[in-house]
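Heads up, the thing below is written out as structure tokens.
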Amino acid sequence: MIEILTPTELPRARQAGALVANILQTMKSRTKVGTNLLDIDAWTKAMIAEAGAESCYVDYAPSFGRGPFGHYICTAVNDAVLHGLPHDYSLADGDLLTLDLAVSKDGIAADSAISFIVGESKPPESLALIEATERALAAGIAAAGPGARIGDISHAIGSVLSAAGYRINTEFGGHGIGSTMHQDPHVANTGRPGRGYTLRPGLLLALEPWVMADTDQLVVDADGWTLRSATGCRTAHSEHTIAITPDGADILTLPKQA
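The following block contains the structure:
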């Protein structure tokens with residue numbers, strides 16, 4: 006299903022996006038060396054409840070997972086990149102952490118992810134991974150607008166990631182979003198321009214470039230959810246929800262400037 010929001014629904018989408026951005030930035034600010042992943046999950050749960058919103062994850066049970074996810078935020082550390090199931094782990098200096106969050110507010114969902122390094126140690130290769138996904142995300146957003154095609158976004162993202170020397174996995178990518186978290190169209194992280202669905206005002210898309218340092222192959226943890234690099238290399242993931250407007254694309258999950 007491809008869902009097109011009406012102009013009267015877009016303000017609710019903006020509220021959902023602002024909430025997701027606020028929670029992610031709050032979790033980032035609270036995360037220190039020694040922070041436990043389960044604490045991040047508990048803090049997220051509390052903020053969602055306080056906002057009168059609903060988690061898109063806690064009851065999420067797609068065919069590729071193992072039963073309901075059962076948590077409120079994805080926490081992926083180092084070689085984990087997607088669907089990181091929170092567990093009893095205390096973060097160490099230099100860990101690369103990805104937080105991925107989707108929340109529904111007043112019937113509209115928003116989805117975003119950030120990657121950052123915990124503590125004072127800043128491994129250059131990890132910084133390069135994060136920076137590449139952020140640049141690819143910006144390129145994908147710049148390619149989005151009414152009349153553009155999904156392939157234009159995929160090509161823009163893939164061009165940045167490939168130029169940075171990373172191989173691209175196409176099993177998981179961006180997606181439509183609206184009254185539910187995952188909708189059509191699928192937005193692969195590489196593709197051919199001029200192909201695919203034509204973007205229309207009112208369409209919401211979650212764009213999410215992610216890469217692994219030296220592979221494009223994934224393995225699944227014993228928890229049935231967490232996806233890791235097959236070689237144990239580090240990974241990064243950046244995501245925003247955008248709304249296609251008559252004038253271009255608005256980022257709904259952009260953090261407020263301090």
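All residue numbers for the sequence shown refer to my numbering, where the first residue is 6 and numbers rise by one. Think of the CB as a built atom: it goes at the ideal place given N, C-alpha and C, for glycine as much as any other residue. Since this is a predicted model, take the numbers as computed values, not measurements.
So which of the options has the shortest CA-CA distance to residue i?
| i | options | result |
| --- | --- | --- |
| D111 | T250, T246, R35, A18 | A18 |
| I7 | P190, G124, A161 | P190 |
| R205 | G178, D252, T195, N194 | D252 |
| K127 | G99, M52, T175 | G99 |
| G237 | S243, T246, I247, L223 | L223 |
| L42 | L87, A21, L104 | L104 |
| H76 | K261, T231, A235 | T231 |
| P260 | E130, T175, P91, A118 | A118 |
| H92 | S120, H245, A47, L209 | A47 |
| Y94 | V38, E176, L132 | V38 |
| I162 | A144, E176, R172 | A144 |
| Y62 | H187, I247, H245, E176 | H187 |
I'd like to check one pair, residue j with residue i: are the Cβ atoms closer than 8 Å?
| i | j | result |
| --- | --- | --- |
| I249 | P151 | yes |
| N83 | L101 | yes |
| G70 | G201 | no |
| A218 | R239 | yes |
| R197 | V165 | no |
| A81 | G72 | no |
| L142 | S243 | yes |
| S34 | V108 | no |
| N264 | D221 | Summary: the structure shown does not reach residue 264, with the chain confined to residues 6 through 263, and so no result is reported for it. |
| A21 | I113 | yes |
Report back the beta-carbon spacing between residue i and residue j to the nearest angstrom; my notes put them in contact at under 8 Å.
| i | j | result |
| --- | --- | --- |
| A211 | H180 | 6 Å |
| A149 | A254 | 4 Å |
| L1 | I78 | The question about residue 1 has no answer, for the chain in this structure spans 6 to 263. |
| I45 | T31 | No, I45 and T31 are not in contact; Cβ-Cβ is about 10 Å, not under 8 Å. |
| G178 | N194 | 5 Å |
| T258 | A26 | 5 Å |
For residue i and residue j, I'd like the C-alpha separation in whole angstroms.
| i | j | result |
| --- | --- | --- |
| T11 | G156 | 24 Å |
| V123 | T185 | 32 Å |
| I182 | G170 | 30 Å |
| G57 | P16 | 16 Å |
| A115 | E125 | 31 Å |
| L134 | W215 | 9 Å |
| A54 | S159 | 35 Å |
| K50 | A168 | 38 Å |
| S68 | T13 | 33 Å |
| A66 | G199 | 34 Å |
| A241 | L209 | 23 Å |
| F74 | E213 | 20 Å |
| R172 | T40 | 32 Å |
| L29 | D64 | 20 Å |
| I247 | A235 | 31 Å |
| V192 | S120 | 20 Å |
| P129 | H245 | 24 Å |
| A263 | L132 | Annotation note: pLDDT 49 at A263 (below 50); position unreliable, coordinate value reported separately. Spanning the two alpha carbons is a distance of roughly 23 Å. |
Provide the residue(s) that pair with residue i in DSSP beta bridges, ordered along the chain.
| i | result |
| --- | --- |
| F121 | L102 |
| T60 | In the sequence on display, residue 60 carries Ser and not Thr. Its beta-bridge partners are V108. |
| E244 | A118 |
| R71 | None; R71 has no bridge partner. |
| M217 | T240 |
| T203 | R154 |
| L209 | I182, A248 |
| V225 | L232 |
| D255 | A248 |
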